[in-house]
């Protein structure tokens, strides 16, 4: 067991339980005197937000606290909708890549959610409330994805965003053709190794999926007609999710870089009659913004990453702005647990690069990713009826000087900076005690009846190689 | 070129009165990134010299590549190009002191990377040798207000891994020029030493798994490396003595030892890359015993050993403040809060990207540190003056004072704030284009007509 993480989780849970906001009437909360960045209907100075049963009940300048309501005074502070990260790999236990086959649609990220991943807490502390948890990009067709809320302290079953459409990861270009990966001696290269083969792999898979779907449709039709003694087709867990894609029941999130490969997937999707929901990274999206807009696909990109690999050499920080101006719904994502802690700053860069308005910049990490994930009826703006997923900053969140003060999900405070700071001495003390105990246990031949404590395994989390683009995998450290 | 498009420069006429009136641009648009090294006067701006309080409505006169004058009541010389910077702000150009600039174009493409040589001991390789002045990164980076950098062999960043033990000499240069000779500030500013670490766990790319080694084995390797560094330095001392006292005919020239002589003489600082407290302690002790001039690079756990760093007067070049805590149970804002903690302890700090493509995030790294307690003035110095002082370049760089190199930026606001734009850029006294690969691609594709339906 990762002792330290476990303890931290315990400590924070304890803190949550002892939160005065919850001891009172947790169903009714009023955040008052804040600058409210609604995203959909402008900014409200000295405004208030009334939260009831986890939903936004009222927003405005003359909203009063009902009797018994918990009041959060946010004088001088800024409230924005919780950030939505459309490309994340946090909360995944182990590797995010099933790297065996180049079609790994049977792999399911929702099965391996890890609620103790400290990155959930860190990203929450960086303003994020919702994240699209994706499989890695090693495969032409990767694994199944899940949208979660960063409900730190809750079990894995409580993380998924109820009602959000499930998804599947596709990947084009250098990663699925494994150009940055040399197999160990004796291990052959994996097909495909070209963009030609990536297209072929996807077409092949959907050809099979269509056949498979036909078999099932046929069976269902005959069964419905009352035909006796039918044998159902053999279940294929690789093709099931692709059938869902064909039926519009599962979103395709396609990792891509170059303009040509993006157009390739749009052609393949047209051929087989499915939709691509979002292109991820899409660093050359600006070259084909009109085609993206015409296809009605979302584009989820980086702020200013470039040149870390060949297909990122034409990446420009104006990408988000240019695509937005051409009518594409654009979001800025992280693909990295740390990058996710300052997506507000990354969105602000689009104001500098291409002159996006501050509200359009905010949309890049709120309403637009919500639209891309099909959850904009629930989150992404501060509107009555939406989930009370809110980020409270001490400054304008588009400023580098803004620090998150409180985070609410479903109207509950999941992060409070002051509480985090207050907890630190106790956690330090607890850690020191554990270390001392470990030391003592390591001392040989102690004439004590105490059983030596199990040596806590202090390991640094290994990197998630090839989770995204960088292939940076830190070694563990002791 | 961008200069002709956006920069309205009035060439001052013979009459001084006319000089301050912005006339239509009279500089022809040459197909170069920089104008000639003439005389310039930036006027009407709030000038942050970083050598004193800001000057409202100040003037900066630049001549022959240097700052000639700065102040509120400075006469604009006849014939000077006048840059009307009313409503704008002037700062010293920013300095990213650890990069792989010009040595790493596309990190995943081996052929474009010249950062880390094979072998552990390469004191005689020098970054300046292979800095590509045509690298697209140079123009991209300077557009964000970074006017000069140090490229350091064997260092790694966001998208590159460092390597070697004594990895070579770092070079300081300006981010504009046709050749490295023109760009170079100082060919050798420090010897890069990647301090060996005691790591029992490491990630093995060939098998894609974490490899564990017993502590005893790791410790043995570590001790061996430290002995080797020691041995190299001893031999360099002997070599220096031989060079000084003996006849050159009596011994063979050794390029590696020759390169280490300035190090053992304390003339060339060692840039020690270390993160863990234990490694920092060991490095400080080692450099103390060996009488080396040490600059700590990285220092993710410098906060744990701040008393030692303060006592031994070791300056720290911090890695990106936007990075996760080292351990799972550390406070989430550790990296962002550390600069303030070190500054309060009286330790000189500088920010750095340790990278190429992320070099332009330098100001963001500093801004974040301000959000977590570092005074704004100090953050500004930590991206300008402080690193110049650490490398002995403060007589040329870091502030806007007469006699210093005219590396100056004119912005529309706080340079640490994300949306702030660099309007004018002076490098070595030349008005330098902020055009770059990214803006060019943007302009090009913005003009793309709508495709036929």
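Residue numbers (this note's numbering), protein chains in the order written: chain B, 1 to 478; chain X, 1 to 453.
All C-beta atoms, glycine included, are put in the ideal place defined by N, C-alpha and C.
Note that the structure is a prediction, hence the values are computed from the model and not measured.
Between residue i and residue j, how many whole angstroms is the CB-CB distance? I'm expecting something under 8 Å.
i             : j             : result
residue 294/X : residue 270/X : 6 Å
residue 127/X : residue 103/X : 6 Å
residue 82/B  : residue 409/B : 7 Å
residue 428/X : residue 65/X  : 5 Å
residue 58/X  : residue 70/X  : 7 Å
residue 314/X : residue 47/X  : Not confirmed; about 33 Å, so no contact.
residue 286/B : residue 308/B : Between residue 308/B and residue 286/B the Cβ distance is about 18 Å, and since that is not below 8 Å, they are no contact.
residue 323/X : residue 335/X : 5 Å
Please state the DSSP three-state secondary structure of residue i.
i             : result
residue 481/B : Residue coverage of chain B in this structure runs from 1 to 478, which leaves residue 481/B outside it and unanswerable.
residue 288/B : helix
residue 203/X : strand
residue 513/B : Past the boundaries of the shown model lies residue 513/B; chain B is included only from 1 to 478, so the question cannot be answered.
residue 202/B : helix
residue 97/X  : strand
residue 25/X  : Low local confidence applies: a pLDDT of 36 at residue 25/X is under 50, so the model's placement there is unreliable, with the coordinate-based value given in what follows. Residue 25/X falls in the coil class under three-state DSSP.
residue 173/X : strand
residue 363/X : helix
residue 262/X : helix
residue 331/B : strand
residue 84/B  : strand
residue 66/X  : strand
residue 71/X  : strand
residue 318/B : coil
residue 160/B : strand
residue 288/X : helix
residue 451/B : Reliability fails at residue 451/B, whose pLDDT of 47 lies under 50, so the model's placement of it is uncertain and the value that follows must be treated cautiously. Three-state result, residue 451/B: coil.
residue 488/B : Outside the displayed span of chain B (1 to 478) sits residue 488/B, for which this structure offers no information.
residue 430/B : helix
residue 37/B  : strand
residue 70/B  : strand
Would you say residue i and residue j are within 8 Å of each other, going by their C-beta atoms?
i             : j             : result
residue 148/B : residue 133/B : yes
residue 124/X : residue 256/X : yes
residue 339/X : residue 318/X : yes
residue 296/X : residue 316/X : yes
residue 72/B  : residue 31/B  : yes
residue 245/B : residue 202/B : no
residue 130/X : residue 120/X : no
residue 148/X : residue 397/X : yes
residue 28/B  : residue 392/B : no
residue 170/B : residue 254/B : yes
residue 408/X : residue 60/X  : yes
residue 273/X : residue 368/X : no
residue 398/B : residue 344/B : yes
residue 139/X : residue 435/X : yes
residue 133/X : residue 99/X  : no
residue 291/B : residue 257/B : no
residue 432/B : residue 417/B : no
Per DSSP, residue i forms a beta bridge with which residues?
i             : result
residue 144/B : 108/B, 168/B
residue 89/X  : 46/X, 411/X
residue 392/B : 79/B, 406/B
residue 126/B : According to DSSP, which records beta bridges pairwise, residue 126/B is partnered with nothing at all.
residue 294/X : 270/X
residue 104/X : 113/X
residue 426/X : 408/X, 431/X
residue 253/B : 169/B, 278/B
residue 301/B : 332/B
residue 132/B : 147/B
residue 180/X : Residue 180/X pairs with nothing; no bridge assigned.
- Query: Counting pairs of Cβ atoms below 8 Å between the region 139 to 148 of chain B and the region 107 to 121 of chain B, do you hit three or more?
  - Reply: These segments touch.
- Message: Does the structure place the region 350 to 370 of chain X close enough to the region 372 to 392 of chain B that three or more beta carbon pairs sit under 8 Å?
- Response: Remark: fewer than three beta-carbon pairs, one from each stretch, lie closer than 8 Å, so the region 372 to 392 of chain B and the region 350 to 370 of chain X are not flagged as touching.
- Should the region 266 to 285 of chain B be called in touch with the region 193 to 211 of chain B, which here means at least 3 C-beta pairs below 8 Å? Contact between the region 266 to 285 of chain B and the region 193 to 211 of chain B is present, with at least three C-beta pairs closer than 8 Å.
- Check whether the region 289 to 302 of chain B touches the region 319 to 330 of chain B, counting contact only when three or more Cβ pairs, one atom from each stretch, lie closer than 8 Å. Between the region 289 to 302 of chain B and the region 319 to 330 of chain B, the count of C-beta pairs closer than 8 Å reaches three or more; the two stretches touch.
- Query: Are the region 408 to 419 of chain X and the region 89 to 98 of chain X touching, with three or more C-beta to C-beta distances below 8 Å?
  - Reply: Pairwise C-beta distances place the region 408 to 419 of chain X in contact with the region 89 to 98 of chain X, as three or more of them are shorter than 8 Å.
- Can we say the region 70 to 90 of chain X touches the region 38 to 52 of chain X, given the rule of at least three CB pairs closer than 8 Å? They touch, by the three-pair rule.
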